[in-house]
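> Below you'll find the structure I mean.
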Amino acid sequence: MRHQHLLPFLGTLAAALATDEQIALQCRESAPQNAEVTEIAFAGSGCPAGYAPGHTLSDPSTLILPKSGFTAETGKNKSYLDARANCQILVKLKYPSGWQFSVSKADYYGRVQVPEGMTGVSKTTYYFTGDSSDISYNNTIEGPYDGSYFRNDRFGEKNSLWSPCGSEAMLNINTEVRLSPIGTDQTAVIGVNTQETVEISWRTCG
Ligand SMILES: *[C@@H]1O[C@H](CO)[C@@H](O)[C@H](O)[C@H]1NC(C)=O
Ligand SMILES: *[C@@H]1O[C@H](CO)[C@@H](O)[C@H](O)[C@H]1NC(C)=O
């Protein structure tokens, strides 16, 4: 009688142990080994000219992109179009099912010169094509100011922006600089420089 009860118990115990072991295995693996960048595209007035696509992930956690730098300007001979510049980078990643990724870390810096009454904004927005949620970080610099700024975008534990589970996703990284008000004769400038590496984080779906 006792043995009859013990056998199903042992079976359940074995199943529980196997599950724990599988979980431990997954935890040790922090990124899929076979993720790859299948496409990189650019759009925007600030994008690097003559960039030939073909970049890949240097490892599953580091995206290598061409560095770029661009500026927005206002002043006597500037059009209102010059008061704003952007470069949107689209990165298509292919990765195994059971995984999803996000950005964890990206850095920007630039110079800004804005007179009293003017504002310079440097901003980067991150989102996945087909998903309406986005995350953005910015520097908003009120004049008068003449100097440097730095921005370290850190997604952290509460990050809610994740790609779909498995297969393929298009990450959009749109960086812009702009000055306001536009159409002024006052001279102002704000630039942004992007770094070569963007760090990617991975997690298992579940
Ligand atoms: C604006 O453009 C005119 C004509 O091209 C030029 O003579 C003048 O020096 C320019 N002014 C500034 C501030 O660049
Ligand atoms: C910049 O970020 C702050 C804090 O998240 C936000 O309140 C503000 O609206 C942002 N400004 C712009 C221009 O996106």
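So the sequence shown is residues -18 to -1, 1 to 188, counted in mature numbering (1 follows the signal peptide of the UniProt record, and there is no 0). Just so you know, even glycine gets a beta-carbon here, dropped at the ideal spot from N, CA and C.
Below 8 Å on the Cβ atoms is my contact criterion, and I expect G92 with I172 to pass it. Report the Cβ-Cβ distance as a whole number of Å.
7 Å
> Considering only residues of the same chain and omitting the five flanking positions on each side of R136, which have a CB-CB separation below 8 Å?
S86, K87
> What are the start and end residues of the beta strand (DSSP E) that includes D64?
Here D64 belongs to no beta strand (DSSP E), and DSSP marks it neither H nor E.
> How would you label P126, buried or exposed, when you count the other beta carbons within 10 angstroms and need 16 or more for buried?
Here P126 is exposed: its Cβ has fewer than 16 other Cβ atoms, across all protein chains shown, within 10 Å.
> Would you say the beta carbon of V174 comes nearer than 6 Å to a heavy atom of ligand 2?
no
> Are there any heavy atoms of ligand 2 lying less than 6 Å away from the beta-carbon of K105, as far as the coordinates show?
Yes, Cβ of K105 sits closer than 6 Å to a heavy atom of ligand 2.
> Quick one: is L63 buried, meaning 16 or more other Cβ sit within 10 Å of its Cβ, or exposed?
exposed
> By Cβ distance, which residues of its chain are closer than 7 Å to R185, with the 5 residues on each side in sequence left out?
Q82
> Label N68 either buried or exposed according to how many other C-beta atoms from any shown protein chain fall within 10 Å of its C-beta, with 16 as the threshold for buried.
With 16 or more other Cβ atoms from the protein chains shown falling within 10 Å of its own Cβ, N68 counts as buried.
> Between the beta-carbon of R133 and the beta-carbon of Y90, is there less than 7 Å?
yes
> Verify the contact flag: N120, CB atom, against every heavy atom of ligand 2, threshold strictly below 6 Å.
Checking the Cβ of N120 against ligand 2 gives yes.
> Rounded to whole angstroms, how far is the Cβ of T107 from the Cβ of N156, which I believe are closer than 8 Å?
About 5 Å separates the two Cβ atoms, so the contact holds.
> Roughly how many angstroms lie between the CA atoms of R10 and T169, to the nearest whole one?
Confidence in R10 is poor, its pLDDT being 49 and thus under 50, which makes the residue's placement unreliable; the coordinate value appears in the next sentence. The alpha-carbon atoms of R10 and T169 are separated by roughly 54 Å.
> Tell me the start and end of each unbroken alpha helix (DSSP H) in the region 49 to 132 that is at least 4 residues and wholly inside, in chain order.
none
> If we ignore side chains and look at the alpha-carbon of each, how far apart do F110 and E181 end up?
Using only the alpha carbons, I get a separation of about 16 Å.
> I'd like the list of long-range same chain contacts for L7, defined as Cβ closer than 8 Å, with 5 residues on each side in sequence excluded.
At L7, the pLDDT of 48 sits below 50, so the modelled position is not reliable; the number obtained from the coordinates is stated separately. None.
> Going straight from the alpha carbon of L39 to that of A23, what length do you get?
15 Å
> Of the residues L45, G26, S27, A25, which one's Cα is nearest the Cα of A17?
It is L45.
> Of the residues E139, Y131, N59, I123, which one's Cα is nearest the Cα of S84?
E139
> Would G188 be called buried (16 or more neighbouring beta carbons within 10 Å of its own) or exposed?
exposed
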